[in-house]
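Residue numbers (our numbering): 138 to 400.
No residue lacks a Cβ here, since even glycine has one placed at the ideal position from N, Cα and C.
Comments concern the structure below.
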C-alpha cells in the first residue's frame, strides 16, 4: 500500500464497547433504555473503521487462513492496514465514476479483498453483495434493478464459476462500466484482461490510502447496501440497508454478546 500526505478524517471517537454482560431480560431492558442518539456515536460504517484504526492501530483486525493446515501461517491485517485498504478501494471506485447513489456489485468468496470491496464500496457508493450460486438471469435482474456501475468479482471459476458469470453479466447489464478482477491468492501469470476489465489490486494500489478523495460526508440515512432476499417465494428482491441500520447492528452485537477487543 502507498502512503500519501494525510488529509482530514472524521474526528475519531471511542469504538463501541459493551457496558456489561447480558445474562437476563433485565439486562436487555437496561440496554434498551439507552436512547439511540446517545448509543450510536457514529453516523456510518466508514466511521466505525476510522475509530477502530485510531484505537487499535497495529493490532490484528482480520486473520485469513490460507489453507486448512494449522501449520500454515495465516495472513493478518492490522486495523490500520484495513482502513488504508478501505480508503484505496473507495478512492478507486470514486475514480471510476462511482458516487453516493451508484451501486457496486460484489461477487467474491470469503477472501480478504471481500472486506475492502464491502466497506470501500459503502464509503464510495452503495455496495451490492451477490450470491454467485444464483443463475445468471437472476443475477442480471438484481444488477439491473440496482443499476450497478461496477462489478468486483473473483477472477477464477474454481469458486462457483464466478469469473465466467462475471464476464457473461457484462453482456446482460448495460449500466456496468467496469469489472474489477480479484486475482486468486498466489496466482501465477495473470491472464490478459478484456477492455473494461481491470486488475483489482493494481487499481487500488494507485490510490491514496489516508483519506476519502471524494471528501464525502456520509449521513446516517444514506443507503449503505443493497442486499437481496433469498428468493424462496419468487425471484430475489433488493433490500436497502442504511448506514444507521448497519451501525445499529454493530452496536447491538457488541452489547448483546459483550464483545471486546480480544474477541
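>> I'd like to confirm the pairing. Which residues does DSSP put opposite residue 172 in its beta bridges?
In response: Per DSSP, none; premise fails for residue 172.
>> Can you tell me whether residue 141 is helix, strand or coil according to DSSP?
In response: In this prediction, residue 141 scores a pLDDT of 44, lower than 50, which makes its location untrustworthy; the coordinate-derived value is nonetheless stated afterwards. Residue state, collapsed to three classes: coil.
> In angstroms, rounded to a whole number, what distance separates the CA positions of residue 221 and residue 346?
Replying inline: 5 Å
> Which class does residue 383 belong to by DSSP, given the choice of helix, strand or coil?
Replying inline: helix
> Does DSSP put residue 378 in a helix, in a strand, or in coil?
Replying inline: strand
>> Pop quiz: residue 241 and residue 223 are said to be a contact at Cβ under 8 Å. What is the actual Cβ separation, rounded to whole angstroms?
In response: Not confirmed; about 13 Å, so no contact.
> So, is residue 401 buried or exposed, given that buried needs 16 or more other C-beta atoms within 10 angstroms?
Replying inline: No answer is possible for residue 401: it lies beyond the span of the chain, which begins at 138 and ends at 400.
>> Between which residues of its own chain and residue 165 is the CB-CB distance below 8 Å, once the five residues before and five after are set aside?
In response: 159 and 393
> Roughly how many angstroms lie between the CA atoms of residue 388 and residue 381, to the nearest whole one?
Replying inline: 10 Å
>> Give the list of continuous beta strand (DSSP E) stretches no shorter than 3 residues that lie fully inside the region 183-235.
In response: 197-201 and 212-215
> Are the beta-carbon atoms of residue 155 and residue 362 separated by less than 8 Å?
Replying inline: no
>> Would residue 319 and residue 303 be called neighbours here (beta carbons separated by less than 8 Å)?
In response: no
> Is the CB-CB distance between residue 300 and residue 285 below 8 Å?
Replying inline: no
>> Can you give me the C-alpha to C-alpha distance between residue 278 and residue 162, rounded to a whole angstrom?
In response: 43 Å
> For residue 341, does the three-state DSSP call read helix, strand or coil?
Replying inline: helix
>> Just verifying my parser: in three-state terms, what is the DSSP assignment at residue 242?
In response: strand
> Does DSSP put residue 319 in a helix, a strand or coil?
Replying inline: strand
>> Please give me, in chain order, every unbroken run of the beta strand (DSSP E) with length at least 3 that falls completely inside the region 270-294.
In response: 287-291
> If you run the structure through DSSP and keep just helix, strand and coil, what is residue 399?
Replying inline: coil
> Taking Cβ positions, are residue 230 and residue 257 nearer each other than 8 Å?
Replying inline: yes
>> What does DSSP give as the partner residue(s) for residue 363 in the beta ladder?
In response: 377
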